[in-house]
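Single-structure report; data block below.
Residue numbers (this note's numbering), protein chains in the order written: chain A, -13 to 183; chain B, 112 to 232.
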């Protein structure tokens, strides 16, 4: 066999070195990704949320995420069958914009009696929203519900209040509303009616 | 979903816009006198009417009125403060001023029955 040309030898050494290096790299364990957080999470360290007050926290959250909340609430009102002319009300806390979700109010929802226009608000996410208003079992049933169920229940209550003109009439008729809300929401509304009227 | 009574010297046109705009502060001596008579203190030391916290804001007073049962104690408190100060009663969230004759308070029922609270049993 004819000896290799010096350049050929150099090339074969480079190739064998590259093969060795790739084999070594393949045998090494993959490096773990950097942790998303160093140390314990704030809640595990006993730190409180900012803002600490639940109402302030809700208003802050709902103000920051207003746009997706607005879209979700508007879409759901249309899906359950609220007429277009009753969807959303002027939000006095935000330059009178016409909005379905009012992030600075904490009542669950509202209705404008002269027009029947309805809105949801930050109270939708408030634990214990009904704690002062309803017996403990009804309040805890409401708290345990998913946000989508509570959303349906509040939409039905406000819609019926807009149609019938009073809170009491809304309590009475919301469980059998003509809107196509979830069955779980009807159960919440029945519990509210049965323990209120 | 929830309705609150706001009691104070409020601008009625602002109420129709769902805003609480007091034109002057309530006489707090009158407020506290009626709260001592009708209210209770909860575990936090906050005054309550029918089990509902009383909130003080810009010289006005606010308390839950309707959620489940109507809070007759809050109604009675509102009626007494209105009678003594000539102030306005409003459901600001409901965009409207409440006339005193729309509220029942203790008329037609014993004080004890009203004291059961808005939550019922």
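All residues carry an ideal CB built from backbone N, CA and C; glycine is no exception.
Cβ neighbours of residue 145(B) within its own chain (closer than 7 Å, five residues either side excluded): 188, 191, 192.
The beta carbons of residue 155(A) and residue 175(B) sit no closer together than 8 Å.
With three or more CB-CB distances shorter than 8 Å, the stretch 138 to 150 of chain A counts as touching the stretch 164 to 178 of chain A.
A direct Cα-Cα distance of roughly 30 Å separates residue 207(B) from residue 65(A). Uninterrupted beta strand (DSSP E) stretches at least 3 residues long and entirely within the stretch 165 to 224 of chain B occur at 166 to 168, 171 to 177, 199 to 202, 207 to 209, given in chain order.
For residue 133(A), same chain residues with a beta-carbon under 7 Å away, outside a window of 5 residues either side, are 110, 111 in chain order. DSSP assignment within the stretch 16 to 54 of chain A yields no whole beta strand (DSSP E) run of 3 residues or more. Here the alpha carbon of residue 162(B) sits roughly 17 Å from the alpha carbon of residue 93(A). A direct Cα-to-Cα measurement between residue 180(B) and residue 74(A) gives close to 27 Å.
If you compare the alpha carbons of 44(A), 7(A), 4(A) with that of residue 114(A), the shortest gap goes to 44(A). Within chain B, 179 have C-beta atoms less than 7 Å from the C-beta of residue 178(A), given in sequence order.
Boundaries of the alpha helix (DSSP H) around residue 139(B): 139 to 149. For residue 130(B), the chain A residues whose Cβ falls inside 8 Å of its Cβ are 78, in order along the chain. Contact annotation: in the stretch 153 to 173 of chain A, residues whose CB is within less than 7 Å of a CB in chain B are 153. Cβ-Cβ distances below 8 Å link residue 186(B) to 116, 176, 214, 215, 216 in the same chain, with the five nearest sequence neighbours on each side left out; the list follows chain order. Between the alpha carbons of residue 41(A) and residue 55(A) lies a gap of roughly 17 Å.
In the same chain as residue 129(A), and ignoring 5 residues on each side of it, the C-beta atoms closer than 7 Å to its own belong to 113, 114, in chain order.
For the 8 Å CB-CB criterion, residue 121(B) and residue 201(B) form a contact.
According to the DSSP secondary-structure assignment, residue 93(A) is paired through a beta bridge with no residue.
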